[in-house]
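Notes follow the structure.
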Amino acid sequence: MVAAMTNQPYPLGATPIPGGTRFAVRSTAEQVELCLFDGPTERRIAMSRNGDRWTATVPGPAPLYGYRAHGRYDPARNLWFDPAKLLVDPHALEIDRPFVQSPRLGIFGEDTADIVPRARVVAPLTTTPAPPLFRPGRLIYELNVRGFTMRHPAIPPERRGTLAALTHPAVLDHLRKLGVAAVELMPITAAIDERHLPPLGLRNAWGYNPVVPMALCPERVPGGVAELVATIAALREAGIGIILDLVFNHMGESDVQGGTLSFRGLDPDAYARTANGTLINDAGTGNMLDASRPSVRAMILDTLRHFARAGVDGFRFDLAPVLARGPGFDAHAPIFAEIAADPILSPRVMIAEPWDIGPGGYQLGHFPEHWLEWNDQYRDQVRRFWRGDGRSGDLATRIAGSADVFTGPASRSVNFVAAHDGFTLADLTTYAARHNHANGEDNRDGHGDEVSWNHGQEGPTDDAAIRAAREASVRAMLATLFLSRGTPMLTAGDEFGRSQQGNNNGYAQDNETTWLDWQTRDEALEDFVAQLAALRRETPIDWTNWLAGAEWRKLSGGPMTPEDWDNGNGFTLHVPVGDESLILRFDRAHGVSAIRGRVLES
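As structure tokens, this is what we get:
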């Protein structure tokens with residue numbers, strides 16, 4: 001029996017209430033049905049409408065559920081209503097199974113109740129989160145939960161690949177050794193494989209193709225919200241924060257050939273379209289969420305609040321310019337003010353990947369003054385200098401926090417030399433070109449013009465001189481990263497020489513290509529990274545704001561000249577530390593050294 005409606009707007013999602021559950025979903029359909037599942041048995045309940053919200057209250061224990069929406073089906077007019085499609089609640093927090101790709105998802109009239117996940121009713125989190133542990137300037141450690149733990153010998157096999165595995169003592173010891181201030185988790189929400197992957201026998205290993213933004217991945221987080229909360233608490237107890245990598249630029253329903261799984265079947269206006277009805281594809285994935293719509297922004301803020309209440313320190317936004325498109329990028333888009341005004345979200349750390357593939361999509365330096373931003377100019381110019389074709393002046397600009405990009409006393413630059421997307425740090429110095437043959441796209445996918453080099457021979461080698469040159473390059477880049485102004489980010493495994501055998505687009509390799517090999521790691525390199533982290537941590541300066549008073553000199557000690565900035569020889573940098581100086585030497589021929597009572601050489 002369904003309870004009578006009131007004029008009070010219900011929060012979206014499924015909310016346990018005394019004696020039952022209240023369901024509310026936003027939809028522009030003509031009729032919406034709540035579908036309750038008891039095993040294979042489906043019971044449908046007509047929902048009541050109040051504007052664009054549909055509601056129903058069901059007594060008794062909370063079952064698994066989904067929705068079906070009735071209305072006109074006309075894809076050319078952005079109308080996708082098909083009551084044969086079981087639809088996942090856009091506000092679902094947990095689902096009972098992973099998403100699976102199937103042609104049936106995109107065929108009108110094909111019932112999909114047997115293949116689409118059902119949502120679980122989970123009590124919403126209501127706690128007021130503690131302040132973030134993480135502070136800009138400290139080390140961010142980017143990791144893929146599955147790839148990070150699948151081959152870890154100390155973790156019991158049944159826990160490998162899961163979020164809870166991060167609480168294992170061996171993992172915590174490793175993170176503490178490196179001085180990690182926050183782990184940045186690649187997506188742990190439920191995602192679907194791209195349509196072309198299953199026929200190739202491949203799976204999406206990264207998770208950047210979500211269907212609904214809050215539902216946790218049943219494989220990576222089998223314990224659901226409770227596992228997330230417990231893992232965050234355990235990491236915080238160890239002094240380590242969590243930053244979640246979230247995708248609000250698109251959803252996995254893809255283009256007009258894609259499946260109807262959630263938004264498309266309930267509220268297709270959530271996706272941006274041109275005046276003639278064509279889906280806008282500024283994310284390069286077939287569709288783009290339309291954050292110019294208040295309903296989409298409300299969904300994004302609901303998602304952020306949910307994860308903030310779970311205890312996360314902040315968020316990294318994939319292809320973040322999409323958040324501010326309407327359709328062009330607007331540095332003063334409403335969502336920025338809405339986040340800043342929210343008492344739960346405003347203290348959190350916000351990190352933008354400041355580019356997408358749409359018009360005017362490169363927006364490095366244009367996000368709000370309290371946001372951090374991934375800095376690809378740092379990545380490429382540090383690589384070029386140590387490859388041998390970069391200017392000393394360009395390296396100095398990046399070491400100094402990219403002051404040409406980020407104004408203000410504290411640099412907002414997230415400095416990195418390698419990330420999940422692109423060559424690993426070791427592969428940078430081993431492969432001059434990508435080797436993505438296993439991805440099934442004839443080696444056309446992935447970035448085709450990375451700044452990389454091979455020291456004269458591609459791939460593994462027994463040549464001691466080549467191996468030594470590669471190691472020297474890697475150590476020089478790592479030392480540069482840890483001694484730069486801004487916030488350093490290290491991708492898991494780069495501290496001990498991980499390789500993907502030249503694959504610079506490992507998204508489709510959920511296998512040993514992307515799973516870290518803990519047995520053969522370079523422990524000497526790992527120890528070197530730990531020394532770098534300790535030096536940064538123990539030097540009493542503000543690593544986001546040491547530019548004032550810093551002095552640049554030639555390698556020989558004299559003042560820099562225009563010719564010195566133009567060449568690629570390097571320089572020394574004297575940074576005031578109390579009554580003494582931290583002397584940093586960046587020498588193209590001999591690597592990096594730091595002197596402050598002791599010498600650390602790369």
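Heads up: the sequence shown runs through residues 1 to 602, numbered per the UniProt record's numbering. Note that beta-carbon positions come from the ideal geometry of N, C-alpha and C, so glycine has one too.
Contact between D517 and R151 holds: CB atoms are separated by about 6 Å, below the 8 Å threshold. In the DSSP annotation of this structure, the continuous segment of the alpha helix (DSSP H) that includes F336 starts and ends at 334-341. Taken atom to atom, the span from the alpha-carbon of G390 to that of N567 is near 8 Å.
Selection S254, G422, W453, A438 evaluated against A432 yields W453 as nearest (Cα-Cα). Exposure of A154 is indicated by the presence of fewer than 16 other C-beta atoms within 10 angstroms of its C-beta. Membership of H91 in any beta strand (DSSP E) is not indicated, and neither H nor E is assigned to it by DSSP. The beta carbon of G109 sits closer than 8 Å to those of D82, A84, all from its chain and outside the five residues before and after it, given in chain order. Contact between the stretch 98-116 and the stretch 250-258 is established, with three or more Cβ pairs separated by less than 8 Å.
Taking the Cβ atoms as the reference, G241 lies roughly 6 Å from A181, within the contact range of under 8 Å. Taking C-beta atoms as the reference points, A530 and F148 fail to come closer than 7 Å.
Residue environment: N505 is assigned as buried (16 or more neighbouring CB atoms within 10 Å of its CB, all protein chains considered). The C-beta of Q101 has 16 or more other C-beta atoms within 10 Å across all chains shown, which makes the residue buried. When Cβ pairs closer than 8 Å are counted between the two stretches, the stretch 583-597 is seen to touch the stretch 476-484, the count reaching three or more. Using a 10 angstroms sphere on the CB of E94, the tally of other CB atoms reaches 16 or more, which defines it as buried.
Nearest to P156 by alpha-carbon distance, out of R146, H168, V145, is H168.
Look at Y378 here: in three-state DSSP terms it is helix. C-alpha of L425 to C-alpha of H196: approximately 29 Å in a straight line. Cβ-Cβ distances below 7 Å link S581 to H574, V575 in the same chain, with the five nearest sequence neighbours on each side left out; the list follows chain order. As the crow flies, the alpha-carbon of L323 is around 11 Å from that of F367. Looking only at V212, I280, H306, A272, the smallest Cα-Cα distance to F263 is reached by V212. If you draw a 10 Å sphere on the C-beta of Q509, you find 16 or more other C-beta atoms in it, and that means buried.
When secondary structure is reduced to three states using DSSP, V592 falls in the strand class. The residue among D330, A14, V312, H420 with its C-alpha nearest the C-alpha of W206 is H420. Per the coordinates, the alpha-carbon of G365 lies some 8 Å from the alpha-carbon of T407.
Membership of A298 in the alpha helix (DSSP H) is indicated by the continuous run 294-310.
Collapsing the DSSP output to three states places M288 in coil. In the structure shown, G265 adopts helical secondary structure according to DSSP, grouped into three states. Runs of the beta strand (DSSP E) lying entirely within the stretch 373-448 and spanning at least 3 residues, in chain order: 413-415. DSSP lists Y141, I242 as the bridge partner or partners of V183.
P61 and R43 have their alpha carbons spaced roughly 14 Å apart. The alpha-carbon separation between R379 and G239 amounts to approximately 28 Å.
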